[in-house]
Structures are given as C-alpha cells and as structure tokens.
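Each residue of the sequence shown is one higher than the one before, starting from 57 at the first, in the working numbering.
Where a beta carbon is used, it is the ideal one built from N, C-alpha and C, also for glycine.
Report on the following structure.
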Amino acid sequence: MKNLRITIGVMVLGYAFLLGCSTDKVRDFMPGVYVNSAGGEFSVASDTLAIELVEGNNYVVHRRTGFNLVTNGKLGRREYEVEKWAAIYNPSAQVLTETKKGKLISFFPDSGSLSVGQRVYKKID
C-alpha cells in the first residue's frame, strides 16, 4: 500500500512537471500594446493595437489609427480612427482570428512582434 502511494505521488508530480513545461509561449506573449507606422506618397499613418484577454480563448483588440493625407506633397491635418475587434485564439495554430472579417493575427515572441497580413507591429508593453 505504501509503494502504491509513492508511485501515485511520483506520477502526480511528473504530470504537474509536464504541465508546467508545456506552457503556451504565444498565449503568454499576446496581451499588450503593439505599434506600427507606415508612409507613402498619399499618406502617413501610425497604428496601435492593444490586445486584452476577455475569457478563455476570447480576446478583444483595440485598434487606434492616426493618419495624415498627403496632397500635392503637403501633409494634411492629423485624423484618427478607432476600431474594436473581437478575436478568438486557436491554440493549435497559435493565431488570433478576428471574428468579423477573418483577419489572422500571428505572434512572434522571439522578435517581440505580431503581424496582421503584411503589416508588422512591434510590442512596446
């Protein structure tokens, strides 16, 4: 009986150890604030994404964009847009999927960044 208890105890500790080693690095990295800026012939813009865990695999992404239109080579006044996206995390693919338009948000913890399509954002918080 004593050997059975020891065996069960060792198995429980081993299982707990394996669970501790199999943390989801991407899930841990996701919440935070990410920034991107871009410019071209017709506009200059900066984006901020703030990602928050709601519950389980459900997240909310707050997108704030500031941009200036360029007309005849001159920068126009600063304009702003705000969006709120609902997104679901897929643990097997390790991506967030925005639920309205199906945008895929991929995370790269090693480089401290994420991407939405071709646009790359750097994590600042």
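- Going by DSSP, F85 is part of the alpha helix (DSSP H) stretching over K81 to F85.
- Annotation for S171: the continuous beta strand (DSSP E) segment containing it runs S169 to V172.
- For A149, the secondary structure class from DSSP, reduced to helix, strand or coil, is coil.
- If you draw a 10 Å sphere on the C-beta of L152, you find 16 or more other C-beta atoms in it, and that means buried.
- Around the beta carbon of L105, 16 or more other beta carbons sit within 10 angstroms, so the residue counts as buried.
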